[in-house]
Structures are given as C-alpha cells and as structure tokens.
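First up is the structure itself, then whatever we jot down about it.
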Amino acid sequence: MSVISISINDELLDKLDKLLPVKGFSTRSELFREALRDYVTTEVWEEGKGPLVVTGMVISSKKSESPLNTIHHKYEHVVETTLHTHLDEKNCLEIFILKGETKEVKEFLTELKGLSGVKAVRHALLSAEV
C-alpha cells in the first residue's frame with residue numbers, strides 16, 4: 006500500500022478527528038480510504054463507465070410483478086440476487102443486488118421506472134471495486 010501525505014487546515018482536521026470515533030474509524034487513513042472509494046464510485050456512476058455494485062429498491066403494486074420479472078430476466082447478467090416482500094395487501098418491495106457495467110445497471114433501473122404500477126425506484130451505490 007502506498008503512503009501519501011495531504012495538507013488540510015486545522016479546522017478541517019479537527020472536524021475529521023471528531024468524526025473518527027463517531028463513524029467507527031480507528032485511523033484517519035481508514036476514513037480517507039472510505040471517502041476516496043465513495044468518490045471514485047460516484048464518478049464511475051456519473052461517467053456511466055466501469056463496473057459497480059449497486060442496490061436497486063422498488064416499491065410496486067402486486068399487479069406489476071409479472072412485468073418486473075420480465076425485466077429482471079432480461080438483465081439477469083447484472084442481477085446477482087433479489088429480495089421480495091409484501092408491504093401490505095396491495096404493495097411489494099423488491100430489492101435487487103446489481104453487479105455489472107454501470108451503463109447496463111442504469112438501463113435496468115430506468116426500465117423499472119417505466120413500468121405501470123411501479124411507485125418508486127431508488128438506488129444506492131456500493132462499490133466500484135468489483
């Protein structure tokens with residue numbers, strides 16, 4: 006692992022040091038590595054190039070289960086696994102673990118948004134290091 010040095014002002018350093026125990030980091034290096042991983046992952050997402058691990062979350066009416074399954078199977082090469090639960094008698098929550106090229110993951114999420122009965126689609130970026 007390479008060792009680098011950075012310069013930051015005292016006020017920012019003080020804020021950083023206060024965050025360490027709150028966020029569960031034992032060293033500044035751990036915090037910086039995590040922050041840099043998040044930054045790189047966000048850049049990969051925005052550029053639309055490169056592999057990512059993403060969670061996709063969908064709330065939909067029960068009647069949209071069949072179209073959801075169709076899209077799921079169309080993109081089975083990026084869908085690692087899913088979790089399906091019934092929120093109530095009319096609504097379902099589907100959580101997708103997605104791993105693949107950013108372009109295809111974005112296409113998958115976009116297609117889900119276009120389905121009738123889909124009420125919400127959200128995603129969380131997890132890692133560009135796959």
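Quick note: the numbering used here has the sequence shown finishing at residue 135, numbered continuously throughout.
Note that CB positions come from ideal geometry on N, CA and C, so glycine has one too.
Minimum C-alpha distance to residue i - residue among the options
i, options, result
"residue 118", "64, 45, 15", "64"
"residue 93", "85, 86, 67, 83", "67"
"residue 80", "107, 97, 95, 89", "107"
"residue 129", "121, 109, 101", "101"
"residue 9", "42, 49, 38, 51", "38"
"residue 85", "25, 72, 113", "113"
Cβ-based neighbour list, residue i, same chain, cut-off 7 angstroms, excluding 5 preceding and 5 following
i, result
"residue 123", "63, 65, 69, 117"
"residue 91", "97"
Residue span of the alpha helix (DSSP H) that contains residue i, given as start and end
i, result
"residue 40", "33-52"
"residue 30", "Where residue 30 is concerned, there is no enclosing alpha helix (DSSP H), given that its DSSP letter is neither H nor E."
"residue 117", "107-118"
Presumed contact (8 angstroms Cβ cut-off) between residue i and residue j, rounded CB distance
i, j, result
"residue 21", "residue 36", "7 angstroms"
"residue 104", "residue 45", "Not quite, the Cβ-Cβ distance comes to about 16 angstroms (not below 8 angstroms), so this is no contact."
"residue 99", "residue 115", "The pair is not a contact, with the Cβ atoms about 16 angstroms apart (cut-off 8 angstroms)."
"residue 110", "residue 83", "6 angstroms"
Where the beta strand (DSSP E) containing residue i begins and where it ends
i, result
"residue 126", "123-132"
Same chain, Cβ closer than 6 angstroms to residue i, neighbours up to 5 away in sequence not counted
i, result
"residue 11", "none"
"residue 137", "Nothing can be reported for residue 137, as the shown portion of the chain is limited to 6 through 135."
Which runs of the beta strand (DSSP E), 3 residues or longer, sit entirely within the stretch 62-100? 84-91
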